[in-house]
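S.K.:
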Amino acid sequence: MKGIFDPDNPVVRGIAKFGYIWYLNLLWLVTSLPIFTIGASTTALIYSCSKLHDNSGYPTKNFFSAFKSNFKQSTAIWGIYGGTGVLILLDFVVWHRIDKSSITTGIMIAIALFWVATILWVFAIQSKFVNTVKDTLHYTVLIACRHFKETILMVVTVGAVGYLNIMYSAAVNFVTLAFGIGAIAYLFTVFYANTLDTYIKHSSESDEDEEDYDPKEADLAMDALVESLKKQ
Numbered sequence: 000m001k002g003i004f005d006p007d008n009p010v011v012r013g014i015a016k017f018g019y020i021w022y023l024n025l026l027w028l029v030t031s032l033p034i035f036t037i038g039a040s041t042t043a044l045i046y047s048c049s050k051l052h053d054n055s056g057y058p059t060k061n062f063f064s065a066f067k068s069n070f071k072q073s074t075a076i077w078g079i080y081g082g083t084g085v086l087i088l089l090d091f092v093v094w095h096r097i098d099k100s101s102i103t104t105g106i107m108i109a110i111a112l113f114w115v116a117t118i119l120w121v122f123a124i125q126s127k128f129v130n131t132v133k134d135t136l137h138y139t140v141l142i143a144c145r146h147f148k149e150t151i152l153m154v155v156t157v158g159a160v161g162y163l164n165i166m167y168s169a170a171v172n173f174v175t176l177a178f179g180i181g182a183i184a185y186l187f188t189v190f191y192a193n194t195l196d197t198y199i200k201h202s203s204e205s206d207e208d209e210e211d212y213d214p215k216e217a218d219l220a221m222d223a224l225v226e227s228l229k230k231q
């Protein structure tokens, strides 16, 4: 019985991580309610999930620290994506009524997919690096294109979740809202870690405690990033 409740027991760790993901999902929902804060809450969720994946820090502290430090730029980015998303939706409805040709529909779908593909990266990049909004958007496009396989996998995952929520019962909607957003963010941290970490050059080899280390203190090797992307 002692082994069952041992904190190092894989089952106990799995249950605890499940609980943390649910908790972070709840924090994301609450902080997203004003709508205009969705960008900051999403950045905080991704940052917290990456920390959870590394077993670093405390979920509440990680979330609100990232929410506060990224609020201004994440809100600006969300404003850009929210505005363009509405325009894409309106254009799709209008053009579908005016011109129902397969070419027009294909163009609109391609634009929408590009929007989805880049938004899946932009807040992860914001959570990792210190840049201007313009540079963050620029690097988002470059990285989404360079790491096309990861981008496609994430788009397919989000598309599948969206399809299930549209086609099936309210129970699926409930599970997605109650746990699914956090679970997807946690899953995507694997993609983010395998790609974005390759563009980080730590500013120093300090003995700073892991739980206090903030990846935004790292220097992004800008020149190396741009040059490597140009070669692709």
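Mind the numbering: the sequence shown is residues 0 to 231 in numbering that gives the first Met the number 0, read in order. Cβ coordinates follow ideal geometry from the N, Cα and C atoms, glycine included. These numbers were taken from a predicted model, which means no experiment stands behind them.
1) Given a threshold of 16 other Cβ atoms within 10 Å of its Cβ, counted over all protein chains shown, does residue 131 qualify as buried or as exposed?
2) Whole angstroms are fine: how far does the CA of residue 154 sit from the CA of residue 135?
3) Specify, as a first and last residue, the run of the alpha helix (DSSP H) that residue 43 falls within.
4) Can you name the start and end residues of the alpha helix (DSSP H) that residue 169 belongs to?
5) Nearest-angstrom Cα distance between residue 81 and residue 87?
6) Quick one: residues in its chain with C-beta nearer than 6 Å to the C-beta of residue 51, no 5 flanking neighbours on either side, listed in chain order?
7) With DSSP collapsed to three states, give me the class of residue 142.
8) Check for me: the alpha helix (DSSP H) holding residue 55 runs from which residue to which?
9) Which residues in the same chain as residue 58 place their Cβ atom closer than 7 Å to its Cβ, once the five residues preceding and following it in sequence are excluded?
10) Cα-Cα, which of 107, 142, 104 is closest to residue 121?
11) So which of 77, 197, 69, 174 has the shortest CA-CA distance to residue 146?
12) Alpha carbon to alpha carbon, how far is residue 101 from residue 181? Give it in angstroms, no decimals.
13) Is the beta carbon of residue 64 closer than 9 Å to that of residue 38?
14) Could you tell me the distance, in whole angstroms, from the CA atom of residue 13 to the CA atom of residue 112?
15) Taking 9 Å as the cut-off, decide whether the C-beta atoms of residue 45 and residue 178 are in contact.
16) Quick one: using the 10 Å Cβ neighbour count with 16 as the cut-off for buried, is residue 168 buried or exposed?
17) Is the beta carbon of residue 30 sitting closer than 9 Å to the one on residue 15?
18) Please identify the residue among 166, 68, 118, 26 whose C-alpha is closest to the C-alpha of residue 77.
19) Given this structure, state the Cα-to-Cα distance separating residue 40 from residue 61, to the nearest angstrom.
20) Since residue 32 is in the alpha helix (DSSP H), which residue starts that stretch and which ends it?
21) Helix, strand or coil, according to DSSP, for residue 130 in the structure here?
M.R.: This is what the structure gives:
1) Residue mapping note: residue 131 aligns to position 132 of the sequence shown, counting from 1. So residue 131 ends up on the exposed side.
2) Here residue 135 refers to the residue found at position 136 of the sequence shown. Here residue 154 refers to the residue found at position 155 of the sequence shown. Cα to Cα, the separation comes out at about 20 Å.
3) Along the sequence shown, read from residue 1 onward, the residue named residue 43 stands at position 44. DSSP places residue 43 inside the alpha helix (DSSP H), whose first and last residues are 37–52.
4) On the sequence shown, position 170 is the one that residue 169 refers to. Here the alpha helix (DSSP H) through residue 169 covers 169–174.
5) On the sequence shown, position 82 is the one that residue 81 refers to. On the sequence shown, position 88 is the one that residue 87 refers to. If you take the alpha carbons of residue 81 and residue 87, they lie about 10 Å apart.
6) Against the sequence shown, residue 51 aligns to sequence position 52. The answer, listed in chain order, is 19.
7) Position 143 of the sequence shown holds residue 142. It is helical.
8) Here residue 55 is taken as the residue at index 56 of the sequence shown, counted from 1. DSSP places residue 55 in no alpha helix (DSSP H); its state is neither H nor E.
9) Looking up residue 58 in the sequence shown gives position 59. 19, 22, 23, 47, 51.
10) Locating residue 121 in the sequence shown gives position 122, counting from the first residue. Among 107, 142, 104, the Cα nearest to that of residue 121 belongs to 142.
11) For the purposes of this step, residue 146 is taken as residue 147 along the sequence shown, with counting starting at 1. Looking at the Cα atoms, 197 is the closest of the given residues.
12) Sequence index remark: in the sequence shown, residue 181 carries index 182 (1-based). Sequence index remark: in the sequence shown, residue 101 carries index 102 (1-based). Spanning the two alpha carbons is a distance of roughly 36 Å.
13) What you label residue 38 is simply residue 39 of the sequence shown in a count that begins at 1. What you label residue 64 is simply residue 65 of the sequence shown in a count that begins at 1. No, the pair does not count as a contact, with Cβ atoms beyond the cut-off.
14) Locating residue 13 in the sequence shown gives position 14, counting from the first residue. Locating residue 112 in the sequence shown gives position 113, counting from the first residue. Cα to Cα, the separation comes out at about 34 Å.
15) Stepping through the sequence shown from its first residue, residue 45 is reached at position 46. Stepping through the sequence shown from its first residue, residue 178 is reached at position 179. Between residue 45 and residue 178, the gap from beta carbon to beta carbon reaches 9 Å or more.
16) Residue mapping note: residue 168 aligns to position 169 of the sequence shown, counting from 1. Only exposed fits residue 168, as fewer than 16 other CB atoms lie within 10 angstroms of its CB.
17) Counting from one through the sequence shown, the residue named residue 30 turns up at place 31. Counting from one through the sequence shown, the residue named residue 15 turns up at place 16. In this structure, residue 30 sits away from residue 15, with a CB-CB distance that is not shorter than 9 Å.
18) Residue mapping note: residue 77 aligns to position 78 of the sequence shown, counting from 1. For residue 77, the nearest C-alpha among the options comes from 118.
19) In the sequence shown, counting from the first residue as 1, residue 40 sits at position 41. In the sequence shown, counting from the first residue as 1, residue 61 sits at position 62. Roughly 12 Å between the two C-alpha positions.
20) As a first step, residue 32 must be located in the sequence shown, where it is residue number 33. DSSP places residue 32 in no alpha helix (DSSP H); its state is neither H nor E.
21) The sequence position of residue 130 within the sequence shown is 131, counting from 1. The answer is coil: DSSP assigns residue 130 none of H, G, I, E or B.
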